[in-house]
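Visitor:
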Amino acid sequence: MEPTTPKPKEALFYEKLSDKKVRCLLCPRKCYITENLTGFCRARKNLKGKLYSLVYSKPCALSIDPIEKKPLFHFLPGTRALSIATCGCNLSCAFCQNYKISQGEILGDFVPPEKVIELAKEHKVKTIAYTYTEPTIFYEYALDIMKLAKKEGLKNIWVSDGYINKNPIKKLAPYLDAINIDIKGPERLYSNLCLASLKPVLESTLEYKKHNI
51 MEPTTPKPKE ALFYEKLSDK KVRCLLCPRK CYITENLTGF CRARKNLKGK LYSLVYSKPC
111 ALSIDPIEKK PLFHFLPGTR ALSIATCGCN LSCAFCQNYK ISQGEILGDF VPPEKVIELA
171 KEHKVKTIAY TYTEPTIFYE YALDIMKLAK KEGLKNIWVS DGYINKNPIK KLAPYLDAIN
231 IDIKGPERLY SNLCLASLKP VLESTLEYKK HNI
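According to the working numbering, the sequence shown is numbered sequentially starting from 51.
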């Protein structure tokens, strides 16, 4: 029988440390995580000395949106996208419009990557948008969907906070067609209202540009 509930998937981009501790290398936080605890994003957990994604195949939001809602106005204008998100985020913005899912409990239904592609084809959309929360925190899930989407001739776009390290960008780049990076304001805003820093966002923006995205 096919599985009907999502299971944790071993994460990409982390290193194992002594005493079953791990360090996540996905985003600039580089969370140092002891056994049975999660990182800042709450979507990645140390289980027996390995880092796992808790949100793989577990979206909390799936909907059809106009591409302009992403908002992208010069990428396939007038078309629709299948939008997908999981719970969690690697920022904690005091003004987040989606705080109920970005900062709330990790919830969601079982929707494997293959089913996402089926939904996109069923609704006759040209694009899958990874949005609402931060796609970096559901990286493994997004990447597997994106690979399948490319094979089916679908486009992939991210609506992102840009808080991601260079190596994950390099692995992602061949499958990403467009990205909207939300630069929220000056450094003082990031430090006071997002518990983060502006510099890594600017660096990742330049890295995406290097890959012609």
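The beta carbon of each residue, even a glycine, is placed where N, CA and C say it ideally should be.
Applying the 10 Å Cβ sphere with the 16-neighbour rule, what's the burial state of residue 201?
Guide: When all chains shown are included, residue 201 counts as exposed.
Visitor: Looking at the strands, I want to know which residues DSSP matches up with residue 116.
Guide: DSSP output for residue 116 lists 130 as bridge partner(s).
Visitor: What is the residue span of the beta strand (DSSP E) that residue 155 lies within?
Guide: Residue 155 -> no beta strand (DSSP E), and no H or E assigned at all.
Visitor: Alpha carbon to alpha carbon, how far is residue 163 from residue 194? Give it in angstroms, no decimals.
Guide: Residue 194 and residue 163: Cα-Cα distance of roughly 6 Å.
Visitor: Whole alpha helix (DSSP H) runs in the segment 155–188 with 4 or more residues, listed along the chain?
Guide: Segments of the alpha helix (DSSP H) lying fully in the segment 155–188: 163–172.
Visitor: Can you tell me whether DSSP reads residue 238 as helix, strand or coil?
Guide: Note: residue 238 maps to helix in three-state DSSP.
Visitor: Once you ignore the five residues that flank residue 214 on each side, which residues in its own chain have a CB closer than 6 Å to its CB?
Guide: Once the five neighbours on either side are set aside, the close Cβ partners of residue 214 are 77, 186 and 254.
Visitor: Whole angstroms is fine: what's the gap from residue 157's alpha carbon to residue 151's?
Guide: Straight-line Cα distance between these residues: approximately 8 Å.
Visitor: Are the beta-carbon atoms of residue 134 and residue 180 separated by less than 8 Å?
Guide: Contact flag set, yes.
Visitor: Using DSSP bridges, identify the partner residues of residue 73.
Guide: 65 and 82.
Visitor: Any idea if residue 242 is buried or exposed, counting beta-carbon neighbours within 10 angstroms, 16 or more meaning buried?
Guide: It is exposed - the Cβ of residue 242 has fewer than 16 other Cβ atoms within 10 Å.
Visitor: Contact check, residue 90 vs residue 79 under 8 Å by CB: the rounded distance?
Guide: Confirmed, about 5 Å.
Visitor: Between residue 252 and the rest of its own chain, which residues show a CB-CB distance below 7 Å, the 5 nearest in sequence each way excluded?
Guide: There are no such residues.
Visitor: Using only CA atoms, which one of 235, 177 and 103 lies nearest to residue 125?
Guide: Cα-wise, what sits closest to residue 125 is 177.
Visitor: Quick one: measure Cβ to Cβ for residue 247 and residue 232, integer angstroms, because I've assumed they're closer than 8 Å.
Guide: Incorrect: roughly 15 Å between the Cβ atoms, too far for contact.
Visitor: Since residue 96 is in the beta strand (DSSP E), which residue starts that stretch and which ends it?
Guide: Taken as a continuous stretch (DSSP letters only), the beta strand (DSSP E) holding residue 96 covers 94–97.
Visitor: Report, in whole angstroms, the separation of the C-beta atoms of residue 117 and residue 127, which I expect to be a contact under 8 Å.
Guide: Confirmed, Cβ separation roughly 7 Å.
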